[in-house]
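What follows is a single structure, written as structure tokens, with notes after it.
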RNA sequence: GGAGAGGUGGCUGAGUGGUCGAAAGCAGCGGUUUGCUAAACCGUCGUACGGUCAAAAGCUGUACCGAGAGUUCGAAUCUCUCCCUCUCCGCCA
């Protein structure tokens with residue numbers, strides 16, 4: 002969410018930069034709606050001020066023992082018009098905040114302009130895609146053949162776009178979670194947290210999923226609880242409506258959680274395998290920083306995520322998203338894409354963003370710097386998406402005989418060097 | 001799920017219908033004093049959104065005492081619903 006007075010004062014300039022994200026509906030109505038809303042507010046407040054003054058007067062006169070029934074009647078008579086004005090304000094206010102809350106963050110000046118994914122700019126490439134002396138398989142073939150991934154039964158238990166892992170498949174997932182958490186806590190200075198996997202509406206509003214993206218979420222019937230789409234939601238909201246100590250920043254947290262996404266509107270995409278599922282696991286990195294340090298911290302956070310891929314020996318590239326491809330709340334985003342030989346392509350495995358004060362204004366996350374408190378900057382990134390890392394390992398480390406080599410770094414967590422096919426009762 | 005107690009400013013804590021946005025204390029901030037620290041003393045000290053202003057300051061209005069609705073000329077104070085915390089019971093990993 003934007004700072005209203007700043008947005009109003011710099012409207013033309015901000016609108017200009019926002020337009021590089023694509024068309025933003027309602028932006029052209031902003032000024033007129035803002036004017037109408039303020040006019041209605043002023044009118045309603047003036048009437049209330051009058052009524053309040055009369056009520057105070059009644060109190061004074063009553064103490065003196067005077068008859069106030071005529072005055073009481075006149076205040077009572079103001080009530081209907083007061084209610085009507087309040088209705089106007091409420092309606093305009095609702096319309097206005099819907100508009101304001103629907104305006105995405107302004108891209109940072111370093112973000113390249115562009116329309117979509119094809120305009121993203123590669124900033125780094127690491128590791129060489131391996132050359133196979135056989136036709137590498139995709140994980141949706143390899144997983145079932147190894148007896149470690151069972152999509153049919155997952156569909157029976159729940160439905161399409163769910164996964165059931167068996168044996169070494171389940172263990173690999175668990176090993177990856179532990180490995181990532183260990184690296185981030187021991188080597189990168191993050192504090193591990195284990196948050197609730199459901200969050201309330203206020204939290205989802207704070208990080209920007211609500212109200213605009215509620216169709217992407219799963220809601221618990223009869224409760225104000227939503228399944229989290231990412232650990233970003235509960236972890237960022239740890240400090241909702243709090244004031245942090247500026248001297249203690251940046252605060253760096255990491256968390257493992259499952260993530261739940263309805264994937265509404267992505268019906269045709271990534272239908273095979275477990276690239277896109279309703280429930281997946283992720284280790285998330287979250288930072289709270291002072292404004293002047295947030296971009297340096299974004300680079301570090303992105304590097305922390307890349308470090309996991311380096312340690313696992315997985316080739317990747319990092320791109321900076323262009324204005325047209327960025328998420329709603331982000332001011333700058335790096336995507337890290339891992340090489341998947343089964344698909345002969347790089348595939349997103351981490352997304353690292355600086356939201357500047359966009360989330361903290363919504364969520365009320367401040368810090369005390371000098372005398373005054375100001376809004377913190379919030380950042381987060383996947384470190385990494387565990388399911389997709391699982392896919393990358395299976396596909397990149399597959400061997401001609403159908404087995405999968407366990408990357409060196411994971412062996413202490415797996416107690417095995419090779420994943421071999423196991424017959425399941427099918 | 002049942003019964004009871006409670007939710008007031010950064011914190012502690014007063015306030016049961018009429019200058020209460022809210023006493024007092026602590027913390028914070030500005031200052032006086034001081035060789036320095038400490039102490040003492042004086043002052044200041046909530047947020048959001050409006051109006052005034054070129055803008056800021058200032059002045060001023062409205063709203064906010066867990067959330068929402070209601071009663072009343074007037075609500076932190078009364079009524080209802082919900083949420084949260086604590087205690088006991090039940091259930092449960």
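In our numbering, the protein residues as written are 2 to 427.
Positions of the beta carbon are idealized from the N, C-alpha and C atoms, including for glycine.
No experiment lies behind these values; they were computed from the predicted model shown.
Using only CA atoms, which one of the options lies nearest to residue i?
| i | options | result |
| --- | --- | --- |
| residue 254 | 416, 260, 235, 271 | 235 |
| residue 402 | 316, 104, 138 | 138 |
| residue 344 | 399, 140, 95, 123 | 140 |
| residue 412 | 264, 369, 2, 312 | 312 |
| residue 259 | 386, 65, 96, 72 | 386 |
| residue 418 | 125, 410, 424 | 410 |
| residue 133 | 415, 416, 398, 423 | 398 |
| residue 324 | 8, 17, 22 | 22 |
| residue 381 | 352, 396, 62 | 352 |
| residue 197 | 176, 231, 207 | 231 |
| residue 38 | 365, 50, 92 | 92 |
| residue 177 | 393, 425, 400 | 393 |
| residue 362 | 391, 114, 203 | 203 |
| residue 251 | 349, 127, 299, 267 | 299 |
| residue 188 | 302, 219, 167 | 302 |
| residue 72 | 64, 59, 379, 84 | 59 |
| residue 114 | 334, 356, 395 | 334 |
| residue 297 | 378, 274, 348, 279 | 378 |
| residue 280 | 368, 221, 415, 159 | 159 |
| residue 247 | 3, 69, 369, 15 | 369 |
| residue 162 | 54, 274, 52, 95 | 274 |
| residue 97 | 2, 165, 74, 65 | 2 |
Use the C-beta contact count for residue i: other C-beta atoms within 10 angstroms, 16 or more gives buried, fewer gives exposed.
| i | result |
| --- | --- |
| residue 43 | exposed |
| residue 388 | buried |
| residue 458 | There is simply no residue 458 to check, as the chain begins at 2 and stops at 427 in what is shown. |
| residue 90 | buried |
| residue 135 | exposed |
| residue 124 | exposed |
| residue 240 | buried |
| residue 33 | exposed |
| residue 24 | exposed |
| residue 121 | buried |
| residue 423 | exposed |
| residue 293 | exposed |
| residue 238 | buried |
| residue 191 | buried |
By DSSP's criteria, residue i is part of a beta bridge. Which residues make up the other side?
| i | result |
| --- | --- |
| residue 366 | 243 |
| residue 166 | 150 |
| residue 420 | 405 |
| residue 286 | 255, 382 |
| residue 319 | 125, 337 |
*For the region 226 to 284, list the alpha helix (DSSP H) runs that are entirely contained and at least 4 residues long, ordered along the chain.*
233 to 237
_Three-pair Cβ contact test at 8 Å for the region 285 to 305 versus the region 80 to 91_ = no
*Can at least three beta-carbon pairs, one atom from the region 84 to 103 and one from the region 306 to 321, be found at a separation below 8 Å?*
Three or more Cβ pairs closer than 8 Å define a contact, and the region 84 to 103 falls short of that threshold against the region 306 to 321.
*Could I get the ranges of all uninterrupted beta strand (DSSP E) runs contained in the region 187 to 224, with 3 residues as the minimum, in chain order?*
Counting whole runs of 3 or more residues, the region 187 to 224 contains the beta strand (DSSP E) stretches 192 to 194.
*If you pair each beta-carbon of the region 211 to 224 with each one of the region 175 to 190, do three or more pairs fall below 8 Å?*
no
*Would you say the region 333 to 348 touches the region 191 to 208, given that touching needs at least three Cβ pairs under 8 Å?*
no
*Which full runs of the alpha helix (DSSP H) of 4+ residues lie inside the region 332 to 406, going along the chain?*
The alpha helix (DSSP H) runs lying completely inside the region 332 to 406 and spanning 4 residues or more are 359 to 364, 387 to 397, given in chain order.
*Which runs of the alpha helix (DSSP H) fall wholly inside the region 38 to 122 and span at least 4 residues, in chain order?*
70 to 102
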